[in-house]
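To start, the structure under review is shown below, and the notes come after it.
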Amino acid sequence: MAIKLFITGATGYIGGSILTLLLNSAPGKYDITALVRDDSRAQPLSSLGVTPLVGSLDDAALLEKASAQADVILNIADADHVGAAKAILSGMEQRAAAGQPAPILIHTSGTGVLLDNAGGAHPSPTVVSDKN
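So for the sequence shown, the working numbering puts the first residue at 56; every next one is plus one.
Next up, the structure:
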């Protein structure tokens, strides 16, 4: 049975690279649904065997439903979109409440941090470590 995967940001730089890797590494292993902004981005994904879901990160109900149906969620579009993160977490909670296995969430973003240009001048007092 294919692993159900829901991805945001599949047409972006990082998400597109991840999607390509998934499609090429194990054909048929994943049943992939990808959030896309419009039909012009949906068609190319459909031709690759990906199920496009037209919407945006502001479509909370859409994100909740897709997340509730997924074994793995890759939120690659925007790590700072709080509404989308909450909707995804809500969908994950719905899945668990229905007695299904807890899904895996990978939440990341990338190149936007290069636009900050803070140069380390504004460090955060919060230190995050996998050790604790």
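C-beta atoms are modelled at their ideal positions from N, C-alpha and C, and glycine is treated no differently. It should be emphasised that the depicted structure is a prediction, and the values quoted were computed from it without experimental measurement.
Classification of Gly147 by the beta-carbon crowding that lies within 10 angstroms, buried from 16 upward: One-based indexing of the sequence shown puts residue 147 at position 92. Reading off the sequence, residue 147 comes out as Met, not Gly. That one is buried.
For Leu117, three-class secondary structure by DSSP: Translated into the one-based positions of the sequence shown, residue 117 becomes position 62. Leu117 falls in the helix class under three-state DSSP.
Nearest residue (CA-CA) to Pro107, options Leu117, Ala89 and Ser145: In the sequence shown, counting from the first residue as 1, residue 107 sits at position 52. Closest option to Pro107, Cα to Cα, is Ala89.
Buried/exposed call for Gly138, threshold 16 Cβ in 10 Å: Against the sequence shown, residue 138 aligns to sequence position 83. Exposed, since its Cβ has fewer than 16 Cβ neighbours within 10 Å.
Option in Pro158, Val105 and Ala134 with minimal Cα separation from Thr75: As a position in the sequence shown, residue 75 is number 20, starting the count at 1. For Thr75, the nearest C-alpha among the options comes from Val105.
8 Å Cβ shell around Leu112 - same chain, five flanking residues per side excluded: As a first step, residue 112 must be located in the sequence shown, where it is residue number 57. Cβ neighbours of Leu112 beyond the five flanking positions: Thr63, Leu90, Leu118, Ala132, Asp133, His136, Gly138 and Ala139.
Cβ-Cβ distance between Val127 and Ile69 below 8 Å: Counted from its first residue, the sequence shown places residue 127 at position 72. Counted from its first residue, the sequence shown places residue 69 at position 14. No, they are not a contact pair.
Cβ pair Leu129, Ile73 closer than 8 Å: Numbered from 1 along the sequence shown, position 74 holds the residue referred to as residue 129. Numbered from 1 along the sequence shown, position 18 holds the residue referred to as residue 73. Cβ atoms of Leu129 and Ile73: closer than 8 Å.
For Thr130: DSSP bridge partner residues: Translated into positions along the sequence shown, residue 130 becomes position 75. Here the sequence assigns Asn to residue 130, which means Thr is not the residue at that position. Asn130 pairs with Thr63 and His162.
Three-state class that DSSP yields for Pro99 in the structure shown: For the purposes of this step, residue 99 is taken as residue 44 along the sequence shown, with counting starting at 1. Looking at Pro99 - three-state DSSP - the assignment turns out to be helix.
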